[in-house]
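Structure first, commentary second.
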Amino acid sequence: MDLRVIGYLIEIVDSGGFAKASKKVHITQPALSKAIQQLEHELDVTLLERGKRGTRVKLTPAGELVYRHGQTLLANKQALLNELAAQRGLTSGQLKLGLAPLGSAELFAPVIAKYRDTYPKIEMELLVRGSVEQKEALIKGEIELATGIIALDKQFEGILVREEPMVVVLPKHHVLAKAQSLRLEQISLEPQIMFEPGFSLHSMVIDSCEQAGFTPKNITRISQAEFGIALVAAGAGNMLLPKMIAERHSVTGVVSVPLVGSDLRWKMSLFWRRETPLSFAAQAMVEMIKSTSPV
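Quick note on the UniProt record's numbering: the sequence shown kicks off at 1 and runs consecutively.
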């Protein structure tokens, strides 16, 4: 059923006849009459009581039903178009963004603040989740964009936001604290402060240590970088961290030594489901992050 023809029917009734309606909808009377006949044929009902030429047309009972519902359909169509225009113009809409626990404050807080200032009418919901939860939330449609360390594949696509070298955070008075650089093998016997398994960095560090020929032992697991560094300062072990994070949370009593001889690097990405079209609000966030990302 063509909503355009429904609009013709409504205009015929409101105008009182085919002649006036044809001028308003900008088609000839024969074309207008044919369109209504085709609609009647499609619905298998008579919609208009056609009297003598020049008399006002009347709706049949079936026509009254189509006329009433037609008004609702056209109003809903216009409301849909208005809402789409508002979203396209970013004067309305919603964005649900999943944030990785590590690095989001440093990398995304300024962008989020700029986004809110630029698009104040977009409702934002920020959800801090681990890497596994991020992927599950994207698949379920609970969030539209996510941040984290991820290998992009057939399921997810995205952009690299920041790549950082790793450093070894040591107590200031540690025997290795004055080294210019360190290899993983040099800390193989040291107690380790590591993030919990829900963090992508946990498995990355474990894998890199195993590639270097050892499995970390005497591990203390934490969920916050600042607490991990505090444990290092207290002498509980050393910790592998992205250089940016180590510098952000550095305290008196620790030093950061560059890690060398390893492929271990911290790569933060913004990602989303490959087969799911992004909303206008999400597209705007992607473009803003692209424009501000140093990578």
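Yeah, the Cβ is synthetic: ideal placement off N, Cα and C, and Gly gets one too.
Count the other CB atoms, across all protein chains shown, that sit within 10 Å of the CB of residue i; report buried if there are 16 or more and exposed otherwise.
i, result
"Glu144", "buried"
"Phe273", "The question names Phe, yet the displayed sequence has Arg at residue 273. Flag for Arg273 reads buried."
"Asn76", "exposed"
"Val57", "buried"
"Gln134", "buried"
"His26", "exposed"
"Phe147", "The sequence shown places Thr at residue 147, rather than the Phe named in the question. So Thr147 ends up on the buried side."
"Ser22", "buried"
"Gly70", "buried"
"Ile187", "buried"
"Gly89", "exposed"
"Val132", "exposed"
Give me the residue from the options with the minimum Cα distance to residue i.
i, options, result
"Ala19", "Glu49, Glu11, Gln29 and Val13", "Gln29"
"Ala284", "Thr215, Phe227 and Asp117", "Asp117"
"Thr60", "Leu74, Thr72, Glu40 and Leu73", "Glu40"
"Ser223", "Phe214, Ser200, Glu210 and Ile206", "Ser200"
"His202", "Ile10, Pro101, Gly16 and Ser22", "Pro101"
"Ala282", "Ile112, Ala62, Leu9 and Phe214", "Ile112"
"Ala212", "Glu190, Met194 and Arg183", "Arg183"
"His173", "Ala105, Arg221, Asn238 and Gly89", "Asn238"
"residue 301", "Ile10, Ser33, Phe227 and Lys114", "Outside the displayed span of the chain (1 to 295) sits residue 301, for which this structure offers no information."
"Glu268", "Val260, Pro242 and Pro171", "The question names Glu, but residue 268 is Met in the sequence shown. If we check each option's Cα against that of Met268, Pro242 comes out closest."
Quick check: the Cα distance between residue i and residue j, rounded to an integer number of angstroms?
i, j, result
"Val167", "Thr292", "25 Å"
"Ala234", "Ile150", "32 Å"
"Asn218", "Val254", "20 Å"
"Leu35", "Val5", "A small correction: the amino acid at residue 35 is Ala; Leu does not occupy that position in the sequence shown. For Ala35 and Val5, the distance between alpha carbons rounds to 7 Å."
"Lys121", "Lys178", "52 Å"
"Leu65", "Ser279", "36 Å"
"Pro110", "Val232", "29 Å"
"Gln38", "Arg50", "15 Å"
"Asp2", "Ser92", "29 Å"
"Leu99", "Val161", "13 Å"
"Phe156", "Phe271", "7 Å"
"Lys96", "Gly158", "16 Å"
"Ile206", "Ser256", "20 Å"
"Glu185", "Thr215", "10 Å"
"Glu275", "Gly130", "22 Å"
"Ile194", "Gly261", "Here residue 194 is Met; the residue named in the question, Ile, does not match the sequence. Roughly 20 Å between the two C-alpha positions."
"Ala31", "Leu81", "27 Å"
According to DSSP, which residues form a beta bridge with residue i?
i, result
"Arg265", "Pro165"
"Ala146", "Gly98 and Phe271"
"Phe195", "Ile222"
"Phe156", "Arg273"
"Leu240", "Val168"
"Val255", "Leu170"
Subject >> Whole runs of the alpha helix (DSSP H) within the UniProt domain "HTH lysR-type" (1-60), excluding any shorter than 4 residues >> reply: Counting only runs of 4 or more, we get 3-15, 18-25 and 29-43.
Subject >> Length-filtered (4 minimum) alpha helix (DSSP H) runs lying within the stretch 104-137 >> reply: Runs found: 104-118.
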